[in-house]
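Participant:
Residue numbers (the UniProt record's numbering): 1 to 108.
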């Protein structure tokens with residue numbers, strides 16, 4: 001289990017992560033999916049694990065467990081880091097809506 005930043009750092013530097021990250025950003029058109037669902041166009045610069053890496057390392061590279069977000073939204077997703085905002089239930093709800101709209105490219 002990856003539990004600390006120190007242990008996670010090699011993962012985030014790996015070629016496998018970099019490839020998965022780029023794949024998700026491309027899938028999401030480099031748009032923050034939270035902002036997009038709120039009718040705002042904001043560039044995503046972070047790929048967030050819906051089920052946290054420390055809890056589900058088996059889903060570390062699973063594109064269905066990854067979502068593109070901007071830094072502001074990412075901070076809201078991590079209340080355990082002292083930020084305010086939604087948690088994984090909100091992420092899962094938004095992710096389900098994102099998947100539904102992915103099939104219809106006219107939204108992009």
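We put the beta carbon where it would ideally sit given N, CA and C, even for glycine.
Could you check which residue in 69, 77, 21 has the C-alpha nearest to that of residue 163?
Facilitator: The chain is shown from 1 up to 108; residue 163 falls before or after that span and cannot be answered.
Participant: Roughly how many angstroms separate the alpha carbons of residue 73 and residue 19, rounded to a whole number?
Facilitator: Rounded to the nearest angstrom, the two C-alpha atoms are 22 Å apart.
Participant: Helix, strand or coil: how does DSSP classify residue 47 here?
Facilitator: Residue 47 falls in the strand class under three-state DSSP.
Participant: What first and last residue would you give for the beta strand (DSSP E) that runs through residue 69?
Facilitator: Run containing residue 69: 66 to 69, per the beta strand (DSSP E) assignment.
Participant: Relative to the C-alpha of residue 51, which residue among 7, 42, 62 is closest?
Facilitator: The candidate whose alpha carbon is nearest that of residue 51 is 62.
Participant: Could you check the C-alpha separation between residue 13 and residue 22 for me, to the nearest Å?
Facilitator: Looking at the two C-alpha atoms, the distance is approximately 13 Å.
Participant: CB residue 24 to CB residue 42, shorter than 7 Å?
Facilitator: No.
Participant: From residue 71 to residue 44, what distance separates their C-alpha atoms?
Facilitator: Near 8 Å, if we compare the C-alpha coordinates of residue 44 and residue 71.
Participant: Reducing DSSP to helix, strand and coil, say where residue 31 ends up.
Facilitator: If DSSP states are grouped into helix, strand and coil, residue 31 belongs with the strands.
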